[in-house]
Amino acid sequence: MLTEASRVHDRRWVTQCALSRICGGCAMSLGRPVVFVGTPEEVARNAFHLPPLHEGCAEELCRQPGADPRWELVSTAGFEFVRPGRDEVEDRPTFQPNSLL
Ligand SMILES: [Zn+2]
-9 MLTEASRVHD
1 RRWVTQCALS
11 RICGGCAMSL
21 GRPVVFVGTP
31 EEVARNAFHL
41 PPLHEGCAEE
51 LCRQPGADPR
61 WELVSTAGFE
71 FVRPGRDEVE
81 DRPTFQPNSL
91 L
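First residue of the sequence shown? That's -9 in our numbering, and the numbers climb one at a time after it.
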């Protein structure tokens, strides 16, 4: 049984959240803003690996054991789910916020 904090790292769950537009934390529909949690590197690349979250769920995740102290929150009204291409260094799908708030 995965805890909520580790579930956000589960690739199948991440994909399900992306396709169903549900929150990676509470599994309820996403509204606006959608919040992504990422390291400064992910923020700089605008490519996140954790699933989209509600604002409150994102804050909750950052307080849980296993949270990365460097995590930053980014709010957006929308995002693209980008699957890795064959020739790309990135081998995991990423989320790319497209209208930062
Ligand atoms: Zn939520």
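Idealized CB from N, CA, C, for every residue including glycine.
Note that the structure is predicted; figures quoted are calculated from it, not measured.
Is any heavy atom in ligand 1 found nearer than 7 Å to the beta carbon of residue i?
i          : result
leucine 40 : no
Counting C-beta neighbours from all protein chains within 10 Å, is the total for residue i 16 or more, i.e. buried, or is it exposed?
i          : result
alanine 57 : exposed
glycine 46 : exposed
glycine 75 : exposed
proline 23 : buried
serine -4  : exposed
glycine 21 : exposed
alanine 48 : buried
Kindly indicate which three-state DSSP category residue i falls into: helix, strand or coil?
i            : result
threonine 29 : coil
leucine 90   : strand
When you get a sec, list the residues whose CB is within less than 6 Å of any heavy atom of ligand 1, chain order please. Cys13, Gly15, Cys16, Met18, Leu43, His44 and Cys47
Could you give the uninterrupted runs of the beta strand (DSSP E) lying entirely in the stretch 43 to 88, keeping only those of 3 residues or more? 62 to 66, 69 to 72 and 84 to 87
Whole alpha helix (DSSP H) runs in the stretch -6 to 25 with 4 or more residues, listed along the chain? Here the runs fully enclosed are -6 to -3 and 1 to 10.
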